[in-house]
Structure formats: C-alpha cells, structure tokens
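Engineer: Let me give you the structure first, and then I'll get to my questions.
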Amino acid sequence: MNKKTVALTDQQYIDIITSIKSGFCHAGREYKPNERIATALTLEANLGLRISDILQLHYCDIIKDGDRYRLNISEIKTGKERIFTVPEEIREYINDYRIGNHMTEQQHLFDLSERQIQKHLLHLDNLKMTA
1468 MNKKTVALTD QQYIDIITSI KSGFCHAGRE YKPNERIATA LTLEANLGLR
1518 ISDILQLHYC DIIKDGDRYR LNISEIKTGK ERIFTVPEEI REYINDYRIG
1568 NHMTEQQHLF DLSERQIQKH LLHLDNLKMT A
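Structure (structure tokens):
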C-alpha cells in the first residue's frame, strides 16, 4: 500500500523545529540540539524549496537586485531554473547563521545529507507525516 504525504499544521511544524533546536529524547536515547537541521528546515518552509535545493545553497547565491534580494537556483530534482525573492528577514537569518558558524559566503550553508535530516526527523515522537 502506498503512503501519502500530508502537509504539517503550523503547530506541528513549530513543535518539530522547537524539538530539534532544544534537543529531545526518543526510545531512551537523547538527541542533542541541532541548529543546522532546524535552520535547513526553517529555510525549506520559508522559501518553499525542496530540501535537496536547500542543502546546495551558499550565502553568495543570494543576490542584491535593486531594493530586494533574489535567489537564482537550478532545481536538483527538475533541473529547472527558478528565481525567488528572498525576504530581508530571511536573508538576515541566513547571514546570522553563516556568521555564527564561521562560514565564508562561498561555503555550503549546510554540510548535511537528505538522509541525515530524514533520520533525525524519524526519531521525533508523534511525528506522523503519512496518512
């Protein structure tokens, strides 16, 4: 039987991000806070990008275009070129994360794999992403 993906509610999303940022216990095992995964998921939700595209981002991919910022990407899954407006608050959030983690503008923002994120999410209690 095929499982269908269902959208998270706002509260489920907030609970997931909060749990990842603060750390959690599952099946007798303690998981430390993980800012990288929480930040990647926050960007995924706020920019509307697939996690595979988020994991390829560099800060220098965000380009000042007049009075706004934009992001030009080639989607990993489809190969299509897409242009996104990046809200100033999100650009600042990304820059604060980059500076706080001593990264250059050319470095990947996330040294993670999709599988690492999936495994971390699977350990959260009460995470029901399938119908």
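For what it's worth, the working numbering labels the leading residue of the sequence shown as 1468, then goes sequentially. Glycine included, each C-beta is placed from N, C-alpha and C at the ideal position. Note that the coordinates shown come from a computational prediction; the quantities given were computed from them, not determined experimentally.
#1: Where H1569 and F1577 are concerned, what is the direct C-alpha to C-alpha distance, given to the nearest angstrom?
#2: Which residues does DSSP list as the beta-bridge partners of E1548?
#3: Compare the Cα-Cα distances from S1580 to each of I1521, P1554, Y1536, R1537 and report the closest residue.
#4: DSSP three-state call for L1594: helix, strand or coil?
#5: Rounded to the nearest angstrom, what separates R1537 and C1527 at their Cα positions?
#6: If you follow the alpha helix (DSSP H) that Y1564 is in, where does it begin and where does it stop?
#7: Helix, strand or coil for K1499 per DSSP?
#8: Taking its Cβ as the centre, do 16 or more other Cβ atoms sit within 10 Å of I1483, making it buried, or is it exposed?
Structural biologist: The answer reads as follows:
#1: The sequence position of residue 1569 within the sequence shown is 102, counting from 1. The sequence position of residue 1577 within the sequence shown is 110, counting from 1. For H1569 and F1577, the distance between alpha carbons rounds to 12 Å.
#2: Position 81 of the sequence shown holds residue 1548. Answer is S1541.
#3: Numbered from its first residue, the sequence shown carries residue 1580 at position 113. Among I1521, P1554, Y1536, R1537, the Cα nearest to that of S1580 belongs to I1521.
#4: Residue mapping note: residue 1594 aligns to position 127 of the sequence shown, counting from 1. Because the pLDDT at L1594 is just 46, under 50, the model does not fix this residue reliably, and the value given afterwards should be weighed accordingly. In the structure shown, L1594 sits in coil (DSSP, three-state: anything other than H, G, I, E or B).
#5: Here residue 1537 refers to the residue found at position 70 when the sequence shown is read from its first residue. Here residue 1527 refers to the residue found at position 60 when the sequence shown is read from its first residue. Approximately 11 Å between the Cα atoms of the pair.
#6: As a first step, residue 1564 must be located in the sequence shown, where it is residue number 97. It spans 1555–1567 - the alpha helix (DSSP H) in which Y1564 sits, taken as one unbroken run.
#7: Taking the sequence shown and counting its residues from 1, the one referred to as residue 1499 is at position 32. Reduced to three states, the DSSP call for K1499 is coil.
#8: Taking the first residue of the sequence shown as position 1, residue 1483 is located at position 16. By the 10 Å Cβ count, I1483 comes out buried.
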